[in-house]
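Comments concern the structure below.
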Amino acid sequence: MLFMIIAIILLVVVFLIMRESKGLNNLPEKEISLLPTTDIYSYVLMEKEDETVFEEADDRLWDLVDKYPKLVPGRIISRIDRNQDVHEEDWQEVLKHTNYRKDLEPYYLFLSEESYKRKNSSTKFPWESKLFETHDIHKVIQWLDQQNKGEAVND
């Protein structure tokens, strides 16, 4: 009987530790329910891939993951990649569907669907799932804050 009581107490403690490690206890109940229901995939846009610039821009996004668990950084879209391969068709699609300008690099794009999941589509990227785009990391943070509060924001 004593072992059963100890086992139940251990289960409760493990459950509480797991819940705390997810960080959901730090948010008020109403904010938990307003978190986006889908992941937010971030892309850094650059005409010519520069690993140093990309890593710096992407690190800024990774720094936000603990506060915004639906954010999925780590993607880049470039016309010329680090192997000097040219992706002109993809890049023209980016230019058509975003406000990207070279002088605004690094440029952030947020979609609610990953590009590699596209099948049987005339476009490589899921432009209908575009959520937000900007060159300013502070606007990204503001937008993510407003997403957590359930407010719509456009740049």
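Each step along the sequence shown adds one to the number in UniProt numbering, with nothing skipped, and position 116 is 116.
Beta carbons are placed, not taken as given, at the ideal position from N, Cα and C, and that holds for glycine.
From a predicted model like this one, the values you see are computed outputs, not experimental measurements.
Tyr107 is not a Cβ neighbour of Leu61, given a cutoff of 7 Å.
With 16 or more neighbouring CB atoms inside 10 Å of its own CB, Gln147 falls in the buried class. Counting along the chain, Glu56 sits inside the alpha helix (DSSP H) bounded by residues Glu51 to Trp62. The Cβ atoms of Ser112 and Pro73 do not sit closer than 7 Å to each other. In summary, Ile17 is exposed, with fewer than 16 beta-carbon neighbours lying within 10 Å of its beta-carbon over all protein chains present. Separation of Lys102 and Thr123 (C-alpha to C-alpha, rounded to the nearest whole angstrom) is 22 Å. Every unbroken stretch of the alpha helix (DSSP H) spanning 4 or more residues and falling wholly within the segment 60–105 is given here in chain order: 88–97. Its Cα nearest to that of Arg82, the residue Phe54 stands out among Glu105, His97 and Phe54. In the structure shown, Met46 adopts extended strand secondary structure according to DSSP, grouped into three states. In this structure, Phe110 sits near Ile40, with a CB-CB distance shorter than 7 Å.
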